[in-house]
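Residue numbering for the sequence shown follows my numbering, beginning at 14 and increasing consecutively.
In this text, a Cβ means the ideal position worked out from N, Cα and C, and glycines have one as well.
Following: one structure in structure tokens, then a few remarks.
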Amino acid sequence: MSTQLHNSPIYGPVHSRRLGLSVGINLMPADGKYCTFDCIYCECGYNHERQTRTPRPTVAEVTAALERQLQTMADVGSRPDVLTFAGNGEPTAHPHFAEIVDATIALRNRYCPDARISVLSNATQLHRTEVREALMKVDNNIQKLDTVDDAYIRLVNRPASRAYRAADIIDQLRLFDGHVIIQTMFMHGSIDGEDVGNTAERYVAPWLEAVRLIQPAEVMIYTIDRPTPDTCLQKATPLELDAIRRRVENMGIACTASY
Numbered sequence: 014m015s016t017q018l019h020n021s022p023i024y025g026p027v028h029s030r031r032l033g034l035s036v037g038i039n040l041m042p043a044d045g046k047y048c049t050f051d052c053i054y055c056e057c058g059y060n061h062e063r064q065t066r067t068p069r070p071t072v073a074e075v076t077a078a079l080e081r082q083l084q085t086m087a088d089v090g091s092r093p094d095v096l097t098f099a100g101n102g103e104p105t106a107h108p109h110f111a112e113i114v115d116a117t118i119a120l121r122n123r124y125c126p127d128a129r130i131s132v133l134s135n136a137t138q139l140h141r142t143e144v145r146e147a148l149m150k151v152d153n154n155i156q157k158l159d160t161v162d163d164a165y166i167r168l169v170n171r172p173a174s175r176a177y178r179a180a181d182i183i184d185q186l187r188l189f190d191g192h193v194i195i196q197t198m199f200m201h202g203s204i205d206g207e208d209v210g211n212t213a214e215r216y217v218a219p220w221l222e223a224v225r226l227i228q229p230a231e232v233m234i235y236t237i238d239r240p241t242p243d244t245c246l247q248k249a250t251p252l253e254l255d256a257i258r259r260r261v262e263n264m265g266i267a268c269t270a271s272y
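Encoded structure:
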């Protein structure tokens with residue numbers, strides 16, 4: 014299956030399954046991928062296949078491009094539902110992420126005050142105080158937690174840091190005191206002969222306990238929707254996702270399922 018990269022620093026607008034009409038903010042170069050994960054389901058492809066040759070956009074470049082896009086949309090009477098930090102890698106890994114968030118908030122307030130600001134993150138930079146403080150300012154602080162099983166994470170999410178531990182991530186997610194949305198990919202399939210399905214109870218029950226500890230504002234569960242670099246992956250079924258969604262809701266936490 015083919016994968017795709019996003020334009021930088023602004024792409025879209027695109028229609029998001031979970032967020033609505035979204036203007037994407039890509040803090041990585043347009044010619045490659047830079048991410049602290051190397052997920053086997055990433056629509057941007059594998060890191061080693063997408064090495065960058067150009068630098069990440071500066072604060073000034075991101076701000077100018079976003080303002081042009083918002084002005085263009087305003088001129089035709091269009092308003093985004095959301096401004097979304099995502100793109101070709103982990104947005105919070107940008108060295109000036111916090112400054113860019115502040116500039117984005119100012120532009121949102123000027124051009125589309127009803128739009129929400131979202132960050133799609135893999136949670137690997139939450140140990141940085143300035144990143145956590147910036148994420149507290151956005152509307153949708155969406156953090157990935159596909160499982161709490163470290164062996165599964167090494168197989169599927171493939172973090173760049175050998176020090177990655179799910180228990181540490183859970184502790185950092187709890188620091189948001191509820192100002193966080195947990196996003197989890199459920200799927201089936203295999204890679205190199207190893208099963209990567211995570212809908213079984215051995216994965217779901219500990220994940221639910223982590224959700225209970227974190228007490229997020231919301232949980233978003235979803236499954237594969239776009240081309241992936243590995244071809245041996247399959248969707249989780251609506252029946253499976255709905256069953257997991259109900260268990261989250263039974264804890265008093267809002268949950269959506271995207272098929």
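{"Item": "Short Cβ contact (8 Å threshold) for Val-151 with Ser-131", "Value": "yes"}
{"Item": "Simplified DSSP assignment, three categories, for Glu-207", "Value": "strand"}
{"Item": "Nearest residue (CA-CA) to Ala-256, options Thr-241, Tyr-272, Leu-246, Asp-243", "Value": "Tyr-272"}
{"Item": "Inter-residue spacing [alpha-carbon to alpha-carbon] between Thr-117 and Ile-195", "Value": "22 Å"}
{"Item": "Buried versus exposed, by CB contacts within 10 Å (16 or more), Asn-20", "Value": "exposed"}
{"Item": "Buried/exposed call for Gly-102, threshold 16 Cβ in 10 Å", "Value": "buried"}
{"Item": "Rounded distance between the beta-carbons of Val-261 and Val-217, thought under 8 Å", "Value": "Going by Cβ atoms, the distance from Val-217 to Val-261 rounds to 10 Å, so no, they are not a contact pair."}
{"Item": "Backbone CA spacing between Asp-190 and Asp-208 [nearest angstrom]", "Value": "34 Å"}
{"Item": "His-252 versus Ala-73: straight-line alpha-carbon distance, rounded", "Value": "The identity of residue 252 in the sequence shown is Leu, whereas the question assumes His. Rounded to the nearest angstrom, the two C-alpha atoms are 46 Å apart."}
{"Item": "Closest by C-alpha distance to Tyr-177, when choosing among Asp-205, Glu-143, Asn-211, Leu-139", "Value": "Leu-139"}
{"Item": "Touch test, the region 77–97 against the region 48–60, Cβ-Cβ under 8 Å, three pairs minimum", "Value": "no"}
{"Item": "Distance between Ala-230 and Ala-249 (C-alpha atoms, nearest Å)", "Value": "24 Å"}
{"Item": "Nonlocal neighbours in the same chain, by C-beta distance under 7 Å from Ala-128, ignoring five residues either side", "Value": "Arg-92, Pro-93, Asp-94, Val-95, Leu-96, Arg-121"}
{"Item": "With 16 other Cβ atoms within 10 Å as the buried cut-off, status of Ser-174", "Value": "exposed"}
{"Item": "Exposure of Gln-64, with buried meaning 16 or more beta-carbon neighbours within 10 Å", "Value": "exposed"}
{"Item": "Residue from Pro-126, Gln-84, Lys-157 whose Cα sits closest to the Cα of Pro-104", "Value": "Lys-157"}
{"Item": "Residue nearest to Met-41 in terms of C-alpha spacing, selected from Arg-30, Arg-31, Ser-29, Ile-23", "Value": "Ile-23"}
{"Item": "Cys-57 and Thr-16 closer than 8 Å at C-beta", "Value": "yes"}
{"Item": "Residue range of the beta strand (DSSP E) that includes Leu-168", "Value": "Counting along the chain, Leu-168 falls outside any beta strand (DSSP E), though it belongs to the alpha helix (DSSP H) covering 163–169."}
{"Item": "Sheet register partners of Ile-38 (DSSP bridge)", "Value": "Ile-23, Phe-98"}
{"Item": "Reduced DSSP category for Arg-123 - H, G, I as helix; E, B as strand; rest coil", "Value": "helix"}
{"Item": "Residue from Asp-44, Thr-71, Val-75 whose Cα sits closest to the Cα of Asn-60", "Value": "Asp-44"}
{"Item": "Other residues of its chain near His-109: CB distance less than 6 Å, five sequence neighbours each side excluded", "Value": "Val-72"}
{"Item": "Thr-197 (DSSP reduced to helix, strand or coil)", "Value": "strand"}
{"Item": "Reduced DSSP secondary structure (H/G/I, E/B, other) of Glu-231", "Value": "strand"}
{"Item": "Between the CA atoms of Leu-18 and Val-161 - distance to the nearest angstrom", "Value": "28 Å"}
{"Item": "Contact belief for Ile-227 with Arg-187 at Cβ below 8 Å, rounded distance in angstroms", "Value": "6 Å"}
{"Item": "Residues sharing a beta bridge with Val-144, DSSP", "Value": "According to DSSP, Val-144 bridges with nothing at all."}
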